[in-house]
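What follows is a set of notes on a single structure, which appears directly below.
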Amino acid sequence: MRAVVQRTLQSKVIAAGRETGKAGFGLTVLLGIGNDDSGDVAYMAEKIVNLRIFEDEDGKMNQSLLQKNGDMLVVSQFTLYGDARRGRRPSFTAAAPPEKADRLYEAFVAAVRKKGIIVGTGVFRAEMVVSLDNHGPVTILLDSKKIF
């Protein structure tokens, strides 16, 4: 799994002209599922909700989403597995097929909700408009295989 994690003041997603998910202060997560992902859901959920990227009382990034009691917006994004090393058109062969990706996406959302986080979502396989106010700005890239 790959994730672009952004610390946000607020975020929302619109699909087919209607708002389908939103989050207040917290995180906006663009989540990609790869072909070889299976047991990565628990790891990524745990990693993201405990990622210490919020300021403490001394102004240091030392607190997590759980500690700050923030929200999360999760949007599925297969393009995180786009490979543009050759040519000009990205290849998406490393992205999981839709059935598998949808199942793991929903499992990730459920795992985060189980930790008590309010989670808004996009619409799987839909064209969406994501709006957010990146706070900091703080953006972290994560990969469950720890390649970066």
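Numbering (the numbering used here), first residue to last: 2 to 149.
Ideal placement from N, C-alpha and C gives every residue a C-beta, glycine not left out.
Under the three-state reduction of DSSP, which class applies to residue i: helix, strand or coil?
i, result
"Asp134", "strand"
"Glu56", "strand"
"Asp103", "helix"
Tell me which same chain residues have a C-beta within less than 7 Å of the C-beta of residue i, skipping the five on either side of it?
i, result
"Gly71", "Phe26, Gly27, Leu28"
"Ala95", "Gly35, Asn36, Tyr82, Asp84"
"Ala112", "Val42, Ala43, Ala46"
In the DSSP assignment, find the alpha helix (DSSP H) that holds residue i and state where it starts and stops.
i, result
"Met45", "42–50"
"Lys69", "66–69"
Who does residue i pair with in a DSSP beta bridge?
i, result
"Lys115", "DSSP output for Lys115 lists no bridge partner at all."
"Thr29", "Gln7, Leu74"
"Ala16", "Arg19, Met129"
"Gly35", "Ala96"
"Ile141", "Val6"
Leaving out five residues on either side along the sequence, give the residues of the same chain with a beta carbon under 6 Å from the beta carbon of residue i.
i, result
"Val139", "Arg8, Ile54"
"Val131", "Val14, Val76"
"Thr80", "none"
From residue i to residue j, what does the alpha carbon distance come to, in whole angstroms?
i, j, result
"Ser12", "Ala24", "5 Å"
"Ser92", "His136", "32 Å"
"Glu58", "Lys69", "12 Å"
"Gly40", "Arg89", "32 Å"
"Gln64", "Asp38", "28 Å"
"Leu67", "Phe109", "16 Å"
"Ile118", "Asn51", "11 Å"
"Arg19", "Leu133", "16 Å"
"Gly22", "Gly121", "4 Å"
Give the range of the beta strand (DSSP E) segment to which residue i is assigned.
i, result
"Lys23", "19–24"
"Thr94", "From DSSP, Thr94 is part of no beta strand (DSSP E); its letter is neither H nor E."
"Gly121", "120–122"
Please go through the same chain and pick out, in chain order, the residues whose beta-carbon is closer than 8 Å to the beta-carbon of residue i, but skip the five residues on each side of it.
i, result
"Tyr106", "Leu32, Ile34, Val75, Ser77, Phe125"
"Leu142", "Arg3, Ala4, Val5, Val6, Phe149"
"Ala17", "Val124, Ala127"
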